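So the structure is just underneath, and the comments pick up after that.
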Amino acid sequence: MTEYRILVVFFLMITVLSCKKDDDSVEIEPPRALSEVSVENEAEIQEYLKTHFYNYDEFTNPPENFDYKIKIEEIPEGDTEKLPLSNFVEREEVLISSENLGLEDGEINIPHYLYYLPARAGVGPSPTVVDSIYLRYEGTRTTGDIFDSRLGEPLWFDLQGTLSEANPGSFVRGFKLGVTKFNSGGEIIENEDGTFEVANFGSGLIIMPSALGYYNSTNVGASYAPLIFNIQMLVAIEADHDGDGIPTKDELEIDSEGNVTLIDTDEDGIPDYLDID
């Protein structure tokens, strides 16, 4: 019996050492260069825009009880009647540097393009990148794979957040930039069951390269994947995070590309937008 136990221990040691050797041989692939990925993403987005269309006829002449949800389909081969997404989108250049994504290869101001398609204009205000919004959304890749969907149940988002673990701010840079291109709705209508609807809300698409999304992360099921957000902008509220009567947007700096710089006037370690002093 003693010899048997010795043999078992011996083989277990060999197995552990073998596994450790295998683990040590695993190499973590370093992040790819921004300049390389941006070209690939732009080509993928352009191909998608040329080969897909949305239900623009329904937005032009809304049928009864139309829900103003965008539906995207691939244009059938040989169909010359359908107008591609490329006919409707607008785009904005965003310069991204390696340090914005925590990369160490030193690339600076690599051009990327954020696309947005305002299918329906809302009648309310549009948010800034530091405000609070109430919206429905669905996130997909160009393959059509859905990675997140709240089209059936809208959510509140504090885009800037309080920099705390409990409220770090919402969503990726491309999403925050994209929602500022849409107006929110108007009258809030309460239903008999206690729910409510928002009249005349904005609806559309946000399409972004991976550097404005999750880049080399696989959060959406694939790394370096361009993202598409189908949104319905219901409500936009001007945020005042510290409740001092001064809007958050006036207590920090926002540049033309939506980058936020915090200000700490009294140098107490608390940014002005969170400091009631």
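Note that our numbering has the sequence shown beginning at 573, numbered continuously upward. Cβ coordinates follow ideal geometry from the N, Cα and C atoms, glycine included. Fair warning: this is a prediction, and the values are worked out from it, not measured in the lab.
- Taking the Cα of residue 746 as reference, the smallest distance to any Cα among 641, 639, 829 and 636 is reached at 829.
- Counting only the Cα atoms, residue 760 lies some 43 angstroms from residue 611.
- In this chain, the alpha helix (DSSP H) harbouring residue 607 covers 606-623.
- Per DSSP, the beta-bridge partners of residue 800 are 712 and 779.
- Taking 4 residues as the minimum length, the alpha helix (DSSP H) runs contained wholly in the region 681-766 are 745-751, in order along the chain.
- Following the DSSP letters along the chain, one finds residue 632 inside the alpha helix (DSSP H) bounded by residues 628-632.
- Less than 8 angstroms separates the beta-carbon of residue 670 from that of residue 676.
- Annotation for residue 679: 605, 606, 607, 669 and 670 place their beta carbon closer than 8 angstroms to its own, counting only its chain and skipping 5 residues before and after.
- Inter-segment contact for the region 647-666 and the region 703-721 is absent: fewer than three beta-carbon pairs are separated by less than 8 angstroms.
- With fewer than 16 other Cβ atoms from the protein chains shown falling within 10 Å of its own Cβ, residue 848 counts as exposed.
- A contact is defined here as three or more CB-CB pairs under 8 angstroms, and the region 809-817 meets this definition with respect to the region 828-847.
- A distance below 8 angstroms between beta-carbons, with the five flanking residues on each side excluded, links residue 615 to no residue of its chain.
- Distance from the CA atom of residue 734 to the CA atom of residue 687, rounded to whole angstroms, is 28 angstroms.
- The alpha-carbon of residue 831 is positioned some 10 angstroms away from that of residue 748.
- Straight-line spacing of the CA atoms in residue 706 and residue 623 works out to 31 angstroms.
- Residue 825 and residue 758 have their C-alpha atoms some 28 angstroms from each other.
- Rounded to the nearest whole angstrom, the CA to CA distance from residue 697 to residue 602 is 42 angstroms.
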